[in-house]
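Residues in the sequence shown are numbered consecutively from 34, following our numbering. Heads up: the structure comes next, in structure tokens.
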Amino acid sequence: MSTVSESHLVGLIGAGITASLTPPMHETEAAHHGLHYLYRPVDLEVIGRPGTDVGELLRAGRDLGFNAFNITHPCKQLVLAHLDEVSPAAAALGAVNTVLVRDGRFIGHNTDQSGFAAGLTTELPGAARDTVVQIGTGGAGSAVAAALLSAGVRTLHLVDVDRTRAAERAAALAATFPGREVVAAPAGALPELVPAADGVVNATPVGMQHHPGTPVDPALLDGRQWVADVVYLPVDTELVVAARAKGCRVLDGGHMAVGQAVDAFRLITGVVPDRARMREHFLQLLAARQKAPQTAPLGP
């Protein structure tokens, strides 16, 4: 457990993350708890380093006194080779987004999965989870799919433009969650799959300010379904707006962004943060960001 006198030096390693909302979320919540907390982005594009240098950057950070790092694109898989210990959840996903430095050792965790799961539980209680269609099986998609299956989804259809990736992810998840049906499907199957699903999840970048549009035709949705998105800039994506107009229950991408930050903060400090307060602060940061749009990652 942290004390007020203890200081925390935390970094975020990734590409194009200088303007990430994660540092101010962490620092502001830490201030509420009286913690001395400094969070700095280590932007690979700014320092001219490839993602393969993540191990070297971790070791340099450890030597300089960093307590922890968040890890984002393109290093979530690359960092695995440089860790001394990996949590079971992160190992199953094959991706790490939080690294703790403890007694000189690097310990990897993944809070993307738990972050999405928390939003699903708090914002969509009682939602039917028999059959779900998920579009996108990349970094965020792997965590989301695991969260869905952990939450009780019995049949999960994974749709991706990269059919090989979808098939590999489906096979891995089916092995991890025996008794569940995890099926890779082509994008052309959406008109058949979506109307029969209880829920639809977008785990692609489609809907971001620089990738406008929706990954699924909103005409396929109806009000009995729920819809989730991982995109948070904007938080009201075209899919989210269309789903609400149809009467669907909606889980916007901000909940995953805040959820992963909440869980990472707890791992780093030992202090349980105020989730509602962090969500409110996140929305304030988004409102300010949207007045001067910039590219931002999906989150660490």
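Cβ coordinates follow ideal geometry from the N, Cα and C atoms, glycine included. This structure is a prediction, so every number in the text was calculated from the model and none was measured.
Inter-stretch contact (C-beta, 8 Å, three-pair minimum) for the stretch 294-307 and the stretch 51-62: yes
Alpha-carbon to alpha-carbon, tyrosine 70 and leucine 182: 35 Å
Beta-carbon separation (whole angstroms), glycine 141 vs leucine 113, contact threshold 8 Å: 7 Å
Beta-ladder partner(s) of isoleucine 168, from DSSP: Val192, Asn235
Spatial distance of leucine 77 from valine 283 (CA atoms): 34 Å
Alpha helix (DSSP H) segment containing isoleucine 80, residue limits: 77-80
As assigned by DSSP and simplified to three states, the class of histidine 41: strand
Cβ shell of cysteine 281 (< 7 Å), same chain only, five flanking positions each side left out: Leu254, Gly256, Gln258, Trp259, Val260
Residue interval of the alpha helix (DSSP H) (run including leucine 226): 223-226
Arginine 138 (DSSP reduced to helix, strand or coil): strand
Spatial distance of alanine 222 from isoleucine 168 (CA atoms): 11 Å
Length of the line joining the Cα atoms of alanine 207 and lysine 324: 43 Å
Unbroken alpha helix (DSSP H) run spanning isoleucine 301, endpoints: 287-302
Assigned exposure category for threonine 247 - 16 Cβ within 10 Å defines buried: buried
Coarse secondary structure for leucine 54, derived from DSSP in three states: coil
Per-residue burial, aspartate 193 [other beta carbons within 10 Å of its own, 16 or more giving buried]: buried
Simplified DSSP assignment, three categories, for histidine 69: strand
Close Cβ partners of valine 79 (< 7 Å) along its chain, the five nearest in sequence each way excluded: Thr51
Beta-bridge pairing of aspartate 262 - partner residues as DSSP gives them: Asn235
Threonine 170 burial status per 10 Å Cβ neighbour count (16 or more: buried): buried
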